[in-house]
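**Student:**
Number of protein chains: 2
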Amino acid sequence: MIKRVFITGGTHGNEACGVVLAKHFMASPELFSGFSFDTTVMLTNVASIGTNTRYVEEDMNRCFFKADLDDPTKTATLEARRAKELNAVFGPKGTSAAADFIIDLHNTTAATGVALMMSPTDELGHAIAAHLIALDPSVKVCNWNATQADWPMLPSVGKHGMTFEVGPVPWGVVDGAVYKQTRRLVLAALDYVEAHNAALARDGPWSSSTVQVHSFVRSVDYPRDASGELAGVIHPQLQGRDFGRLARGDPAFLALDGQTTIPYTAPEEEVEELFPFFINEAAYYEKKTAFMLARRIDRPVQVAKQSPQYELS
Amino acid sequence: MIKRVFITGGTHGNEACGVVLAKHFMASPELFSGFSFDTTVMLTNVASIGTNTRYVEEDMNRCFFKADLDDPTKTATLEARRAKELNAVFGPKGTSAAADFIIDLHNTTAATGVALMMSPTDELGHAIAAHLIALDPSVKVCNWNATQADWPMLPSVGKHGMTFEVGPVPWGVVDGAVYKQTRRLVLAALDYVEAHNAALARDGPWSSSTVQVHSFVRSVDYPRDASGELAGVIHPQLQGRDFGRLARGDPAFLALDGQTTIPYTAPEEEVEELFPFFINEAAYYEKKTAFMLARRIDRPVQVAKQSPQYELS
Numbered sequence: 006m007i008k009r010v011f012i013t014g015g016t017h018g019n020e021a022c023g024v025v026l027a028k029h030f031m032a033s034p035e036l037f038s039g040f041s042f043d044t045t046v047m048l049t050n051v052a053s054i055g056t057n058t059r060y061v062e063e064d065m066n067r068c069f070f071k072a073d074l075d076d077p078t079k080t081a082t083l084e085a086r087r088a089k090e091l092n093a094v095f096g097p098k099g100t101s102a103a104a105d106f107i108i109d110l111h112n113t114t115a116a117t118g119v120a121l122m123m124s125p126t127d128e129l130g131h132a133i134a135a136h137l138i139a140l141d142p143s144v145k146v147c148n149w150n151a152t153q154a155d156w157p158m159l160p161s162v163g164k165h166g167m168t169f170e171v172g173p174v175p176w177g178v179v180d181g182a183v184y185k186q187t188r189r190l191v192l193a194a195l196d197y198v199e200a201h202n203a204a205l206a207r208d209g210p211w212s213s214s215t216v217q218v219h220s221f222v223r224s225v226d227y228p229r230d231a232s233g234e235l236a237g238v239i240h241p242q243l244q245g246r247d248f249g250r251l252a253r254g255d256p257a258f259l260a261l262d263g264q265t266t267i268p269y270t271a272p273e274e275e276v277e278e279l280f281p282f283f284i285n286e287a288a289y290y291e292k293k294t295a296f297m298l299a300r301r302i303d304r305p306v307q308v309a310k311q312s313p314q315y316e317l318s
Numbered sequence: 006m007i008k009r010v011f012i013t014g015g016t017h018g019n020e021a022c023g024v025v026l027a028k029h030f031m032a033s034p035e036l037f038s039g040f041s042f043d044t045t046v047m048l049t050n051v052a053s054i055g056t057n058t059r060y061v062e063e064d065m066n067r068c069f070f071k072a073d074l075d076d077p078t079k080t081a082t083l084e085a086r087r088a089k090e091l092n093a094v095f096g097p098k099g100t101s102a103a104a105d106f107i108i109d110l111h112n113t114t115a116a117t118g119v120a121l122m123m124s125p126t127d128e129l130g131h132a133i134a135a136h137l138i139a140l141d142p143s144v145k146v147c148n149w150n151a152t153q154a155d156w157p158m159l160p161s162v163g164k165h166g167m168t169f170e171v172g173p174v175p176w177g178v179v180d181g182a183v184y185k186q187t188r189r190l191v192l193a194a195l196d197y198v199e200a201h202n203a204a205l206a207r208d209g210p211w212s213s214s215t216v217q218v219h220s221f222v223r224s225v226d227y228p229r230d231a232s233g234e235l236a237g238v239i240h241p242q243l244q245g246r247d248f249g250r251l252a253r254g255d256p257a258f259l260a261l262d263g264q265t266t267i268p269y270t271a272p273e274e275e276v277e278e279l280f281p282f283f284i285n286e287a288a289y290y291e292k293k294t295a296f297m298l299a300r301r302i303d304r305p306v307q308v309a310k311q312s313p314q315y316e317l318s
């Protein structure tokens, strides 16, 4: 049973749709009453919300490795310390006390639409995704790197969890359409958790389904000159095409002369088709990531079927 | 005659298209050879480029009032000090030594397209605008507040100058299409300056033209609650509609419930039609500006006619 749910905003303080939505949820407890579980809404990187920056000293959404949380000497940055505080609230990670489900609200400057980022092994996360895709077919699912044993992202502290990544939105901006869509889908996710609890309580019915998943493979950097400065930018023909097909030889970058196209080159041995996402995310210039690439797979998942007692809205 | 031209980028360090374009221009001096005037390209708020923020201590594009530049005690912030350094390079403001023409490269998260912001009295600025509109009819002209005797923006230091404002682009992002369009039009502006010098040298020919100008009238804030927090965001129907018509009663904001529309209300005595711009500019949340409003007028301007000696490209 899902008993303790957390909705968190401001893990990146300049991702303003999520911050404003979290504040709205905190001021609207009636939205979370009547469920079979408790929902707590909170702001996480409060310092970076105050400065309207992604982070103050370190990207907090890379501070939640279990080894770092458990290491008492990992306190060098404001964000490392805050991650430990948060781990005490909705963790400790990897223990039976950890929150059952965490939704962490994010925005990206990339045209991802609503992209739900989660562990490849999180069955509930994928069931929620299946429900949200049924409501809004534009919703995408991404899996964190499947070759890792642990992940450093905030929602990984919970037994289940997801990054609710929505774009495109500039830093510091609340886009009305994105805000409205996110609000609706987050509340619908809680509706599904309620249906999940109901199905658990009566042992069903469950339905077999599949979810299309974009599974992280690798990142691609911008072209750079000898001193590491940008030598090209995302090509206009690739801009905004997150989750579309990218074939070898397609325009990927535009050189700074504004005219020369730099095509996408994949390693020769790579024969499978990959799909770009996080194209031109502002925060990833410093991470040397122009876009990420995913393989696309269909993942089976068991979902709680609707019942007369609980009609999904 | 125009002898000294400056192209400046990074007055707001996170407006990355302008920063990257200025760096490209600095690395490409051949683009500025063969003209009858000298062109210097430089980065202005270097500290804020380093932190990828609009400013470090104060908005530098409000530090160029002549009274502040001339006041030796106005040195409290990094930006106030840097403004004085820059004034020594391409000023001093209001003197015969000041640069003849300054193009300051900016970006906005608002869907302004290319908007040229200038003094209402700058004849050369408007002639350049007329030329650029002939090349690209999407170019818009905005005038700074006509009721002021002086302006605090960087290009106001020159005898002529303009803010080259281009959007929508998120902070920290280089958008390929915006970059390409900006690069082309900045170089075309220099072509016009060359034609202007040639026309001055031979006393013509000049042609009478008009330029559509958006003249700043007032700013409109977001709806806010009692504690000053946002109570609404730009309505999806207004988002991206910069320089469109906004009538009394049109949707302006969406309340945080994601459903309630808050209409645009104009003072009763305001009978003229106004046009919104800078809709949802990220940096203006803290300035309590959801959008600005302009009246639209046709301004006469004298432009250098093309000649066999100098074909405008």
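Protein chains in written order, with my numbering: chain A, 6 to 318; chain B, 6 to 318.
Don't be surprised by glycine CBs; every beta carbon is placed ideally from N, CA and C.
Since this is a predicted model, take the numbers as computed values, not measurements.
1) Just checking my contact of A/Ala93 with A/Cys68 at CB under 8 Å: how many whole Å lie between their CB atoms?
2) Report the start-end ranges of each beta strand (DSSP E) in the region 103-132 of chain A that is 3 residues or longer and not cut off at the edges.
3) Going by beta carbon distance, what residues of the same chain come within less than 6 Å of B/Val238, once the five residues before and after it are set aside?
4) Does B/Tyr269 get closer than 8 Å to chain A when you measure Cβ to Cβ?
5) At a Cβ cut of 9 Å, what residues of the region 285-308 of chain A count as close to chain B, listed as they run along the chain?
6) With distances taken between CB atoms, is the gap from A/Gly245 to B/His240 smaller than 8 Å?
7) In whole angstroms, what is the alpha-carbon distance linking A/Val51 and A/Glu63?
8) Taking the alpha carbon of A/Gly209 as the reference point, which residue from A/Asp73, A/Thr45, A/Ala309 has its own alpha carbon closest?
9) Could you spell out the range, first to last residue, of the beta strand (DSSP E) harbouring B/Ala21?
10) So the candidates are A/Gly233, A/Pro256, A/Ala252, A/Ala231; which of them puts its Cα closest to the Cα of A/Leu243?
11) For B/Thr45, tell me which candidate among B/Ala27, B/Ser220, B/Ser53 has the shortest Cα-Cα distance.
12) Which class does A/Met47 belong to by DSSP, given the choice of helix, strand or coil?
13) What span of residues does the alpha helix (DSSP H) with A/Gly181 cover, start to end?
14) What first and last residue would you give for the alpha helix (DSSP H) that runs through B/Leu83?
15) Could you check if A/Asp76 is buried or exposed, using at least 16 other CB atoms within 10 Å of its CB as the buried criterion?
16) Helix, strand or coil for B/Gly99 per DSSP?
17) In chain order, what residues of the region 173-199 of chain A put their CB closer than 8 Å to some CB of chain B?
18) Is any beta-carbon of chain B found at less than 8 Å from that of A/Glu234?
19) What is the residue span of the beta strand (DSSP E) that B/Asp303 lies within?
20) Using a Cβ cut-off of 7 Å, pull out every chain B residue sitting near A/His29, in sequence order please.
21) Under 8 Å by Cβ, that's how I've got A/Ala288 and A/Cys147 pegged, so tell me the actual separation to the nearest angstrom.
22) Sorted by chain position, which residues of the same chain lie with C-beta nearer than 6 Å to A/Gly130's C-beta, five sequence neighbours on each side aside?
23) Identify every residue that forms a DSSP beta bridge with A/Glu170.
24) Quick check: is the beta carbon of A/Ile54 nearer than 8 Å to any beta carbon in chain B?
25) Rounded to a whole number of angstroms, what is the C-alpha to C-alpha distance between A/Pro281 and B/Asp43?
26) Quick check on A/Asn150: buried or exposed, where buried means 16 or more other Cβ atoms within 10 Å of its Cβ?
27) Taking 8 Å as the threshold (beta carbon to beta carbon), is B/Ser318 in contact with chain A?
28) Which same chain residues end up closer than 7 Å to A/Leu83 when comparing Cβ atoms and leaving out the 5 residues on each side of it in sequence?
29) Check whether the region 181-196 of chain A and the region 97-104 of chain A touch, using three or more Cβ-Cβ pairs below 8 Å as the test.
30) Does the ligand FMN have a heavy atom nearer than 7 Å to the CB of B/Arg223?
31) Going straight from the alpha carbon of A/Phe30 to that of A/Phe11, what length do you get?
32) If distances are taken between C-alpha atoms only, which option among A/Gln307, A/Asp262, A/Arg304, A/Phe296 comes closest to B/Pro34?
33) Quick check: the Cα distance between B/Arg223 and B/Ile107, rounded to an integer number of angstroms?
34) Quick check: what's the CA-CA separation for B/Gln153 versus A/Val144?
35) Output, in chain order, the set of chain A residues within a Cβ distance shorter than 8 Å of B/Val238.
36) Start and end of the beta strand (DSSP E) containing B/Ala257?
**Tutor:** Here's the rundown:
1) No, A/Ala93 and A/Cys68 are not in contact; Cβ-Cβ is about 14 Å, not under 8 Å.
2) As far as the region 103-132 of chain A is concerned, its whole beta strand (DSSP E) runs of at least 3 residues are 106-112, 118-123.
3) These residues qualify, in order along the chain: Leu259.
4) Closer than 8 Å: no.
5) The region 285-308 of chain A vs chain B, Cβ under 9 Å: Asn285, Glu286, Ala287, Ala288, Tyr290, Glu291.
6) The answer is no: Cβ separation not under 8 Å.
7) The alpha-carbon of A/Val51 is positioned some 13 Å away from that of A/Glu63.
8) It is A/Ala309 whose Cα lies nearest to the Cα of A/Gly209.
9) Note, B/Ala21: premise wrong, no beta strand (DSSP E); alpha helix (DSSP H) at 21-31.
10) Closest in alpha carbon position to A/Leu243, among A/Gly233, A/Pro256, A/Ala252, A/Ala231, is A/Pro256.
11) Considering only alpha carbons, the answer is B/Ala27.
12) Strand, per DSSP.
13) In this chain, the alpha helix (DSSP H) harbouring A/Gly181 covers 181-206.
14) Start and end: 83-95.
15) Classified as exposed, A/Asp76 has fewer than 16 neighbouring CB atoms from the shown chains inside 10 Å of its CB.
16) It is coil, neither helix nor strand.
17) Flagged, chain order: Pro173, Val174, Pro175, Trp176, Gly177, Val178, Val179, Asp180, Gly181, Ala182, Tyr184, Lys185, Arg188, Arg189.
18) Output row for A/Glu234: interface = yes.
19) Per DSSP, B/Asp303 belongs to the beta strand (DSSP E) from 296-309.
20) Those are Leu261, listed as they occur along chain B.
21) So it is not a contact: roughly 16 Å between Cβ atoms.
22) Scanning its chain for C-beta atoms nearer than 6 Å, with the 5 sequence neighbours on each side dropped, one finds around A/Gly130 the residues Met123, His165, Met167, in chain order.
23) Paired residue(s): A/His111, A/Ala120.
24) Taking a beta-carbon distance threshold of 8 Å, A/Ile54 does not count as an interface residue toward chain B.
25) Distance between the alpha carbons of A/Pro281 and B/Asp43: 44 Å.
26) By the 10 Å Cβ count, A/Asn150 comes out exposed.
27) Interpretation of B/Ser318 is limited by its pLDDT of 45, a score under 50 that renders its predicted location unreliable; the figure taken from the coordinates is listed afterwards. For B/Ser318, the answer is no, since every Cβ of chain A falls outside 8 Å of its Cβ.
28) Correct list, in chain order: Ala52, Val61, Glu62.
29) The answer is no - the region 97-104 of chain A does not touch the region 181-196 of chain A, with fewer than three Cβ pairs under 8 Å.
30) Summarising the ligand content, the structure contains no ligands, and the ligand FMN is consequently not present.
31) Within the model, the alpha-carbon separation for A/Phe30 versus A/Phe11 is close to 11 Å.
32) Looking only at A/Gln307, A/Asp262, A/Arg304, A/Phe296, the smallest Cα-Cα distance to B/Pro34 is reached by A/Asp262.
33) B/Arg223 and B/Ile107 have their C-alpha atoms some 26 Å from each other.
34) Cα-Cα distance, rounded: 50 Å.
35) What B/Val238 touches in chain A: Val25, Val179, Asp180, Gly181, Tyr184.
36) Unbroken beta strand (DSSP E) run through B/Ala257: 256-260.
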